[in-house]
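Residue numbers (the numbering used here): 2 to 302.
Shown next, in the form of structure tokens:
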């Protein structure tokens, strides 16, 4: 049986409506602008700026916790007219590593987990932005946020040391060494935190995983180092330190930045061992970047 074909609309039924769409004839800002925008938005988000008040509480509180001990040390040094600061610039971040780890655990998932959970990553890549741009922006933003967190108290110490009229050359040298140390720490911790957080879209799992990796690795390495030192094997202590992020930074700055070691027994890292520490740190940073790039090539499909 033949099927009747629908009749084409007559001329009287055809309408063309002008709904006001216009061609965009403004400037095309391109990938660089999109990358900078993503970086600035992610950096602001790491401190809760542009978000709810609730989102600002923890990062701002941790920032204050990082700076308050430095302010107290400065006040004591000025009041007592001390000849030196109570703690070296390179040691400050090591002493407050728990605060830094908590910050990474709270902000690394915030940087990437929500995009994964709500499946907004492909929307980023529908614009003039590619996988490498997304990874660079997120990595740079979290590393910058960590550098602000760790460098701010060093600046407080430096200003206080100058107010206390301590030797300008020694304090400037120590301050510069401290900045190099926290810059490497920021890159290392940001990479590890982002890689772990990018595995799961659930922020809670990401927070727990980051805390577990940073805390368990340091606790295990410190315990094994102490056992090795007690068993009269001090030469093994620096090599064991290669297996924890915070001991990596500790050993590296001991070898090249004039820092005192916090390893059991105060065991120092030699220059040759320090070269290995540098290679491992840079390798982990590069490896984290590569894993993130590979991860988001799959997510963006």
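Ideal Cβ placement from N, Cα and C applies to all residues, glycine included.
Asked                                                                                                                                                                     : Found
Shorter than 8 Å from the beta carbon of residue 61 to some beta carbon of chain D?                                                                                       : Given the protein chain composition of this structure (a single chain), no chain D is represented.
Can you look up residue 274 in the DSSP assignment and give me helix, strand or coil?                                                                                     : helix
Let's see if you can read the secondary structure: which residues bound the alpha helix (DSSP H) around residue 207?                                                      : 204 to 231
On the three-state DSSP scale, how would you describe residue 52?                                                                                                         : coil
Hey, out of 81, 155, 192, whose CA is closest to residue 91's CA?                                                                                                         : 155
Can you give the Cα-Cα distance for residue 192 and residue 54, rounded to whole angstroms?                                                                               : 27 Å
May I have the straight-line CA-CA distance separating residue 217 from residue 47, to the nearest angstrom?                                                              : 24 Å
Between the segment 255 to 262 and the segment 285 to 298, can you find at least three pairs of beta-carbon atoms closer than 8 Å?                                        : no
With a threshold of 8 Å on Cβ separation, who are the neighbours of residue 50 within its own chain once the five nearest residues in sequence on each side are excluded? : 57
Around the C-beta of residue 134, are 16 or more other C-beta atoms found within 10 angstroms, so that it is buried, or is it exposed?                                    : buried
What do you get for residue 101, buried or exposed, if any count of 16 or more other CB atoms within 10 angstroms of its CB means buried?                                 : buried
Measuring alpha carbon to alpha carbon, tell me which residue in 64, 97, 145 is nearest residue 40.                                                                       : 145
Can you name, in chain order, every residue of its own chain whose Cβ lies under 8 Å from the Cβ of residue 303, other than the five neighbours on each side?             : The structure shown does not extend to residue 303, since the chain is modelled only from 2 to 302, so the question has no answer here.
Could you pull the start and end residues of the alpha helix (DSSP H) that residue 246 belongs to?                                                                        : 246 to 257
Mind checking whether the beta-carbon of residue 295 lies closer than 7 Å to any heavy atom of the ligand SAM?                                                            : Ligands are entirely absent from the displayed structure, and the ligand SAM is therefore not among its contents.
Go through its chain and collect everything with a Cβ distance to residue 109's Cβ below 8 Å, but skip five positions before and after it.                                : 143, 191, 194, 195, 197, 198, 207, 211
When DSSP labels each residue in this structure, what does residue 174 get in the three-state scheme?                                                                     : helix
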